[in-house]
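A short write-up of the structure that comes next.
There are 2 protein chains.
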Amino acid sequence: MTTQPEKKYTIGLDLGGTNSVFGIVDHHGKIIATTSIKTQVYQKVEDYVHAAVAALQPVIAAVGGIGNIQSLGIGAPKGNIYEGTVEYAANLVWAHDCAVPLAKLFSEQLDHLPVAVTNDANAAALGEMTYGVAQGMKNFIDITLGTGVGSGIVANGQILYGCDGFAGELGHMIMDFSKDARQCGCGRKGCLETYCSATGVARTAREFLKESQEESLLRRIEPDQLTSLEVSIAAGKGDRLAKRIYDFTGAMLGKACANFTTFCSPEAYIFFGGLTKAGDLLMKPVLEAYDKYVLNMYKGKAKFLISSLPGSNAAILGASAVGQTVLKG
Amino acid sequence: MTTQPEKKYTIGLDLGGTNSVFGIVDHHGKIIATTSIKTQVYQKVEDYVHAAVAALQPVIAAVGGIGNIQSLGIGAPKGNIYEGTVEYAANLVWAHDCAVPLAKLFSEQLDHLPVAVTNDANAAALGEMTYGVAQGMKNFIDITLGTGVGSGIVANGQILYGCDGFAGELGHMIMDFSKDARQCGCGRKGCLETYCSATGVARTAREFLKESQEESLLRRIEPDQLTSLEVSIAAGKGDRLAKRIYDFTGAMLGKACANFTTFCSPEAYIFFGGLTKAGDLLMKPVLEAYDKYVLNMYKGKAKFLISSLPGSNAAILGASAVGQTVLKG
Chain A
33 MTTQPEKKYT IGLDLGGTNS VFGIVDHHGK IIATTSIKTQ VYQKVEDYVH
83 AAVAALQPVI AAVGGIGNIQ SLGIGAPKGN IYEGTVEYAA NLVWAHDCAV
133 PLAKLFSEQL DHLPVAVTND ANAAALGEMT YGVAQGMKNF IDITLGTGVG
183 SGIVANGQIL YGCDGFAGEL GHMIMDFSKD ARQCGCGRKG CLETYCSATG
233 VARTAREFLK ESQEESLLRR IEPDQLTSLE VSIAAGKGDR LAKRIYDFTG
283 AMLGKACANF TTFCSPEAYI FFGGLTKAGD LLMKPVLEAY DKYVLNMYKG
333 KAKFLISSLP GSNAAILGAS AVGQTVLKG
Chain B
33 MTTQPEKKYT IGLDLGGTNS VFGIVDHHGK IIATTSIKTQ VYQKVEDYVH
83 AAVAALQPVI AAVGGIGNIQ SLGIGAPKGN IYEGTVEYAA NLVWAHDCAV
133 PLAKLFSEQL DHLPVAVTND ANAAALGEMT YGVAQGMKNF IDITLGTGVG
183 SGIVANGQIL YGCDGFAGEL GHMIMDFSKD ARQCGCGRKG CLETYCSATG
233 VARTAREFLK ESQEESLLRR IEPDQLTSLE VSIAAGKGDR LAKRIYDFTG
283 AMLGKACANF TTFCSPEAYI FFGGLTKAGD LLMKPVLEAY DKYVLNMYKG
333 KAKFLISSLP GSNAAILGAS AVGQTVLKG
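These protein sequence lines are chains A and B, in that order.
Position in the first sequence (from 1) plus 32 gives the number in this note's numbering.
Position in the second sequence (from 1) plus 32 gives the number in this note's numbering.
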């Protein structure tokens, strides 16, 4: 009896504003080899893809050639799984004012390899489901707490893409509809991201320092130099004002999650990104607010977990998991 | 060539707090025959099911016997599709303090007919997808604006049930987290339902009448006798205060939908229920607020539709559509 030789590897591309990092990933989620290029030194997407494919050749050769590769998955800003495009991505010079057919371009230059592209937050959720703490889960929300707030929603075992491929922008759920709510980069006001991102924490710090005369270690830092890391360090040292900043941030996130639950009743919230390093400083007020504000019938059902994927590799693993979906759906 | 004779009919059960209405539905969504029993004259669920099955016999016989019936679908408060149960439904005497295995009980007494049960809002969404304005859609939100606010969410062509079968309670999305927000029947404050239901409209009317001295037709009615219907009649006659009540209600609903879109980017919102009879009085401020508050990337993508299913039959059609899902998934 002979069986078709299985293709052993997937390529994951973490396409960021600065670097594009490729990883060859095996079926166990082990990254076998990596390579990278600068994302923005190319004015045209064709030149970017050409350079990327050239950089990939040695690592593909190292695993026995393209014949051993199953697919390429891409996690990119404004990635559209339905169209295989990256569309109007503000921070990408070759895609900021148009939709580029990234999947098609890569496939053509990689021996018609199946290629799928989605945004980084959805890739992260797929990474958690394939290799991380969400293995076996069919309903969960993955929330990235970084410079902004990203989200990937899994319902009925599938990423929720919506009618246009762009569902799951929970960082832009409006938490405060009042006129004096915080201005968001999206042009609106009161978005979750203005409170619960790293920049949101720094913003809260500046507000709290201005509103009170309370003594704080944070007063030693120039307000415009303040970061969420310094707030968490100060809180760790017992600084009460710093602790109140995390209480406020966590409460806002817990309230938001209570609202998200009325939508999809997930079995877990999985948090990823820089802000999670604050640990219980953040998670304790999240849980308290969630428990206070969630509808009774959902109480005690959702787990609150921190991603177990190593930060530096998570995006590559997520992207490689996107590649695997192209062969299923 | 012979083909297996197809089972032609589905039974839909609209299980309400007062009446339980059964309809035999053909594949085109035509209701062939109906029968009903009182829901609450039975103390035990077994007696309820026994009476229901007795009432069903003549209508089943009228379509040629149980052999022509494909399945029974039930839309019931706190219906759980995963378990086939009705669980802790406050308004059902035989299920208010327990989970009753309704699907199993019906199936046992109906010749092992496949039976599925979900809540009325999900049934309504399935009804729209099978027979109504959502035919062919894979991503939409169905919102029932009645005494309360119910919702059924369809994503990737499937009802969103979540980890416990109870996802999609958008009427309990908290719109106002402040301490003086409106008290909701769920025990919390500021839920969408306290503003955008028929009772919410009446509540807004009482508040607006109390807060101002403005002349209004509504002042001729005792405050505790005010209903949303009277507000819409007054607004139709040009009453400015009544119109402001609908502006407020519609704006709240539009803001809520703008937030829902960040979740699942639906191709349509479909509204059903008594409040939709207000027509443009309600829908115009909904659309204005939605357009103002929705994230730019989603602008112009979602349609806003009113259900086309006839009110009296919609619940039966929805329930029968639930029955059809039991044969697929």
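In this text, a Cβ means the ideal position worked out from N, Cα and C, and glycines have one as well.
Everything numeric in this text was worked out from a predicted model, so none of it was measured.
Status (buried if at least 16 other CB within 10 Å, exposed otherwise) for residue 34 (chain B):
Annotation note: pLDDT 48 at residue 34 (chain B) (below 50); position unreliable, coordinate value reported separately. Burial call: exposed.
Contact criterion: CB-CB distance below 7 Å. Does residue 82 (chain A) meet it with respect to chain B?
By the rule that beta-carbons nearer than 7 Å mark a contact, residue 82 (chain A) does not touch chain B.
Give the straight-line distance between the Cα atoms of residue 110 (chain A) and residue 134 (chain A), rounded to the nearest whole angstrom.
Distance between the alpha carbons of residue 110 (chain A) and residue 134 (chain A) is about 11 Å.
Taking only three categories from DSSP, how would you classify residue 142 (chain B)?
Three-state DSSP puts residue 142 (chain B) in coil, outside helix and strand.
What three-state label does DSSP hand residue 151 (chain B) in the structure shown?
In this structure, residue 151 (chain B) counts as coil in the three-state DSSP scheme.
What did DSSP end up calling residue 196 (chain A) once you bin it into helix, strand or coil?
In the three-state reduction of the DSSP assignment, residue 196 (chain A) falls in the coil class.
Would you give the residue range spanned by the beta strand (DSSP E) that residue 170 (chain B) belongs to?
Neither: residue 170 (chain B) is in no beta strand (DSSP E) and is coded neither H nor E.
How close, in whole Å, do the beta carbons of residue 261 (chain B) and residue 238 (chain B) come, if the pair is a contact with beta carbons under 8 Å?
Here residue 261 (chain B) is actually not in contact with residue 238 (chain B); their C-beta atoms are around 15 Å apart, not less than 8 Å.
Which residue or residues does DSSP assign as beta-bridge partners of residue 187 (chain B)?
Bridge partners of residue 187 (chain B): B:190.
Taking residue 226 (chain A) and residue 232 (chain A) to be in contact with their CB atoms under 8 Å, please state how far apart those CB atoms are, rounded to whole angstroms.
With a contact defined as Cβ atoms closer than 8 Å, residue 226 (chain A) and residue 232 (chain A) qualify at about 5 Å.
For chain C, check one thing: does any of its Cβ atoms lie closer than 7 Å to the Cβ of residue 194 (chain B)?
No chain C appears in this structure, whose protein chains are A and B.
Mapping the DSSP letters down to three states, classify residue 338 (chain B) as helix, strand or coil.
It is a strand residue.
Could you list which residues in chain A have their beta carbon closer than 7 Å to that of residue 209 (chain B), in chain order?
For residue 209 (chain B), the residues of chain A that pass the 7 Å Cβ criterion are 287, in the order they occur in the chain.
Any beta carbon of chain B sitting closer than 7 Å to that of residue 331 (chain A)?
Judged by the 7 Å Cβ criterion, residue 331 (chain A) is not in contact with chain B.
Residue 41 (chain B), DSSP secondary structure in three states
The answer is strand: DSSP assigns residue 41 (chain B) an E or B state.
Measure the CB-CB distance between residue 325 (chain B) and residue 275 (chain B) and report whether it falls below 7 Å.
Contact flag unset, no.
Length of the line joining the Cα atoms of residue 119 (chain B) and residue 125 (chain B):
Those two C-alpha atoms are separated by around 12 Å.
For residue 87 (chain A) and residue 67 (chain A), believed in contact at Cβ under 8 Å, the rounded distance
That pair is a contact at about 5 Å.
Check residue 209 (chain B) in the structure and name its three-state DSSP category.
Look at residue 209 (chain B) here: in three-state DSSP terms it is coil, with no helix or strand label.
Give the single residue among A:49, A:53, A:105, A:142 whose Cα lies nearest to the Cα of residue 85 (chain A).
Selected option, being the one with the closest Cα: A:142.
For residue 327 (chain A), return the contacting residues in chain B, with the cut-off set at a CB-CB distance below 8 Å.
At a C-beta separation below 8 Å, residue 327 (chain A) has these neighbours in chain B: 201, 204, 218, 220.
Given a cut-off of 7 Å on the beta-carbon distance, is the pair residue 194 (chain A) and residue 296 (chain B) in contact?
Cβ distance < 7 Å, so residue 194 (chain A) and residue 296 (chain B) count as in contact.
Bounding residues of the beta strand (DSSP E) (the contiguous stretch that carries residue 245 (chain B))
Annotation: residue 245 (chain B) is outside any beta strand (DSSP E) and is labelled neither H nor E by DSSP.
Rounding to the nearest angstrom, what Cα-Cα distance links residue 236 (chain B) and residue 268 (chain B) in this structure?
Rounded to whole angstroms, the gap between the alpha carbons of residue 236 (chain B) and residue 268 (chain B) is 17 Å.
Contacting residues, own chain, Cβ-Cβ under 6 Å from residue 152 (chain B) (five flanking each side not counted)
107, listed in sequence order.
Verify the CB distance criterion: does residue 36 (chain B) have a CB-CB separation below 7 Å to chain A?
Here residue 36 (chain B) scores only 49 on pLDDT, less than 50, and its place in the model is too uncertain to base an answer on.
Run the CB neighbour count on residue 230 (chain A), radius 10 Å, all protein chains shown included, and call it buried at 16 or more, exposed below.
Buried, because 16 or more other Cβ atoms sit within 10 Å of the Cβ of residue 230 (chain A).
Relative to the alpha-carbon of residue 188 (chain A), which residue among A:196, A:182, A:168, A:175 has its alpha-carbon at the smallest distance?
The shortest Cα separation from residue 188 (chain A) among A:196, A:182, A:168, A:175 belongs to A:168.
Across which residues does DSSP place residue 368 (chain A) in a beta bridge pair?
Since the first residue of chain A shown is 33 and the last is 361, residue 368 (chain A) is not available in this structure.
Between the region 289 to 308 of chain A and chain B, which residues of the former have a C-beta closer than 9 Å to a C-beta of the latter?
So the close ones are 290, 291, 292, 293, 294, 295, 296, 297, 298, 299, 300.
Considering only the alpha carbon of each residue, which of A:314, A:249, A:234, A:186 lies closest to residue 256 (chain A)?
Ranking A:314, A:249, A:234, A:186 by Cα distance to residue 256 (chain A) puts A:234 first.
Closest by CA to residue 92 (chain A), which one among A:311, A:358, A:148, A:42?
That would be A:42, whose Cα lies nearest to the Cα of residue 92 (chain A).
Note down, in chain order, all residues in the region 169 to 185 of chain B with a beta-carbon under 9 Å from any beta-carbon belonging to chain A.
Residues are counted here when their Cβ sits less than 9 Å from a Cβ of chain A; for the region 169 to 185 of chain B these are 169, 170, 171, 172, 183, 185, given in chain order.
Would residue 94 (chain A) and residue 65 (chain A) qualify as a contact pair, given that the criterion is a beta-carbon distance under 7 Å?
Going by beta carbons, residue 94 (chain A) and residue 65 (chain A) fall inside the 7 Å limit.
Kindly indicate which residue of B:144, B:202, B:308 has the alpha-carbon position closest to the one of residue 339 (chain B).
Of the candidates B:144, B:202, B:308, B:308 places its Cα closest to the Cα of residue 339 (chain B).
Would DSSP call residue 51 (chain B) helix, strand or coil?
Here residue 51 (chain B) sits in strand by DSSP.
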